[in-house]
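Peer 1:
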Amino acid sequence: MLSGDTSILKTHYDILEDTIGAEDVTFEDLTVENAGDVVEFLYQCRCSDYYSIDSLELGEMGFLLSRDRSTISLQSRNALPASVVLPCGSCSLKVRLFFNAANTTLQRDHHL
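Numbering follows full-length UniProt numbering, in which position 45 of the sequence shown is assigned residue number 45; successive positions increment by one, without gaps.
Right, dumping it as structure tokens:
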């Protein structure tokens with residue numbers, strides 16, 4: 001019976017570990033890097049590497065990305081706010097990236 005309780009506690013611990021981040025950031029905090037057909041969104045970690053998510057990953061999450069000369073807009077099919085936990089590329093830190101409901105816009109000159 002204890003092993004079942006331990007398994008449940010381990011599952012809860014794993015869920016909490018995935019959601020605990022170094023900080024919370026919003027889509028507007030990200031920098032933009034164009035890589036051809038894919039747009040990469042970056043946030044610098046305190047270790048000097050980056051947390052990243054790209055337009056393909058956002059598409060898989062149900063977000064629609066639209067671009068014009070000066071702005072990049074992210075639209076959600078769902079009107080509720082959403083978040084995703086991003087790991088750093090080099091260290092063990094994570095951030096929770098929050099998306100506002102429905103529509104978010106970045107200025108295109110918001111890049112590295």
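All C-beta atoms, glycine included, are put in the ideal place defined by N, C-alpha and C.
Pull up the distance between the alpha-carbon of D37 and that of S92, whole angstroms please.
Peer 2: Here the question's residue 37 lines up with position 37 in the sequence shown. Here the question's residue 92 lines up with position 92 in the sequence shown. Taking the straight line joining both Cα atoms gives about 29 Å.
Peer 1: Hey, V95 and E40: beta-carbon distance below 7 Å or not?
Peer 2: Locating residue 95 in the sequence shown gives position 95, counting from the first residue. Locating residue 40 in the sequence shown gives position 40, counting from the first residue. In this structure, E40 does not lie closer than 7 Å to V95 by Cβ.
Peer 1: Out of N100, D49 and Y51, state which residue places its alpha-carbon closest to the alpha-carbon of Q75.
Peer 2: Within the sequence shown, numbered from 1, the residue matching residue 75 stands at position 75. When each option's Cα is compared against that of Q75, the closest is N100.
Peer 1: For S55, does the three-state DSSP call read helix, strand or coil?
Peer 2: If you number the sequence shown from 1, residue 55 lands on position 55. DSSP places S55 in helix when its eight states are reduced to three.
Peer 1: Are R55 and L65 close, meaning C-beta to C-beta below 7 Å?
Peer 2: Residue mapping note: residue 55 aligns to position 55 of the sequence shown, counting from 1. Residue mapping note: residue 65 aligns to position 65 of the sequence shown, counting from 1. Before going further, note that residue 55 is Ser rather than Arg in the sequence given. Yes, the pair counts as a contact, with Cβ atoms nearer than the cut-off.
Peer 1: Which residue from E28, V84 and G89 puts its Cα closest to that of C45?
Peer 2: Within the sequence shown, residue 45 is the residue found at index 45, counting from 1. The shortest C-alpha separation from C45 is found at G89.
Peer 1: For the candidate residues E28, A35 and S83, whose alpha-carbon lies nearest to that of M61?
Peer 2: Your numbering for residue 61 matches position 61 in the sequence shown. Closest by alpha carbon: S83.
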